[in-house]
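In this note's numbering, the protein residues as written are 8 to 333.
Here it is, written out as structure tokens:
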């Protein structure tokens, strides 16, 4: 089955659509939930007011559209920047499979929509290397992060990702760091100005992340540990294959993988340091995880192990989404 996604062909795109509908086949009887009453950013307000009242069929269509578009965007981004030894659709395949691994990831949440900005941020970050006009690009990166935080507060850790990426990709220049910080603050400047003019400046705290130790509510069962274990095994295997290929890569491509590694590590504690968020917030993490896990499917010369991992992820997603096991 994995062989269908190892080539960059139009047929693989069709299979991605089919895969998304299979992974989330439970939508036939269980419509994706649109969380309401949250205070984690403007996206929650938008979803509660404008998406939740829609017909369930439209909600299902919107969910699939976001998942497939994001999967394809990640895939084209990594292929176009020669991050793999050969063009393929494995990163998109893994992204779609991961959205079905946890029940909470199969809902239409702010984290799912925010992933568009996370992918966009990485696309801009990898353009920093040898960029002739880095300050404009850095300001746009900061602006994207600032807007993202207002829309979904747990994405605030992207600030660390951006500064780490700047450290890795470019030599230290204090003005570039200041420009990046100005971009992050800029959306809050306009927001504070608007709230002041409308005599609501005291509500500014609603748009600032609420940090603190947090234990996400999720069902802890043997299936949960199997899921986490499988993800970690595939991720570690992907990192091993990535490390073996590092010496053959261009310097720019190596730095891009380093930036992705930083994003992978920095975004992992998101659900544990943002008060009130659930395991669905960890959906942001699958953006950097998917390309690495795709390496585990691309690395082996024979398809036996990749096919075993594929069917394990697919069966696990179906079993959990159809609530055969909690």
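In this text, a Cβ means the ideal position worked out from N, Cα and C, and glycines have one as well. The model shown is predicted, which means the values in this text are computed figures rather than measured ones.
For residue i and residue j, I'd like the C-alpha separation in whole angstroms.
i	j	result
residue 230	residue 182	50 Å
residue 14	residue 96	7 Å
residue 28	residue 321	12 Å
residue 148	residue 133	11 Å
residue 221	residue 18	43 Å
residue 307	residue 236	20 Å
residue 219	residue 45	17 Å
residue 335	residue 56	Residue 335 cannot be examined here, being either before or after the span of the chain that is shown, 8 to 333.
residue 90	residue 82	10 Å
residue 112	residue 157	21 Å
residue 20	residue 232	32 Å
residue 264	residue 87	14 Å
residue 281	residue 314	37 Å
residue 245	residue 239	10 Å
residue 185	residue 145	9 Å
residue 35	residue 109	17 Å
residue 226	residue 254	42 Å
residue 205	residue 8	57 Å
residue 259	residue 80	20 Å
residue 32	residue 174	43 Å
residue 60	residue 49	17 Å
residue 138	residue 252	25 Å
residue 261	residue 305	18 Å
residue 159	residue 85	25 Å
residue 223	residue 217	14 Å
residue 78	residue 279	26 Å
residue 65	residue 228	33 Å
Against chain D, with Cβ distances strictly below 8 Å, would residue i count as a contact?
i	result
residue 195	Structure shown: chain D not included; a single protein chain is present.
How many whole angstroms separate the CB atoms of residue i and residue j, which I take to be in contact at a CB cut-off of 8 Å?
i	j	result
residue 103	residue 74	6 Å
residue 51	residue 117	5 Å
residue 248	residue 303	6 Å
residue 122	residue 272	Rounded, the Cβ-Cβ distance is 18 Å, inconsistent with contact.
residue 335	residue 107	Look at the range of the chain in this structure, 8 to 333, and you will see that residue 335 is not part of it.
residue 176	residue 136	5 Å
residue 270	residue 168	5 Å
residue 277	residue 161	5 Å
residue 115	residue 70	5 Å
residue 170	residue 187	7 Å
residue 150	residue 127	No, residue 150 and residue 127 are not in contact; Cβ-Cβ is about 11 Å, not under 8 Å.
residue 295	residue 267	5 Å
Could you tell me which residues DSSP puts in a beta bridge with residue i?
i	result
residue 218	281
Should residue i be labelled buried (16 or more other beta-carbon atoms within 10 Å of its own) or exposed?
i	result
residue 331	exposed
residue 72	exposed
residue 241	buried
residue 10	exposed
residue 292	buried
residue 318	exposed
residue 207	exposed
residue 287	buried
residue 120	buried
residue 274	buried
residue 250	exposed
residue 316	buried
residue 197	exposed
residue 93	exposed
residue 257	exposed
residue 212	exposed
CB residue i to CB residue j, shorter than 8 Å?
i	j	result
residue 54	residue 41	yes
residue 191	residue 166	yes
residue 153	residue 203	no
residue 130	residue 297	no
residue 47	residue 284	yes
residue 100	residue 12	yes
residue 324	residue 30	yes
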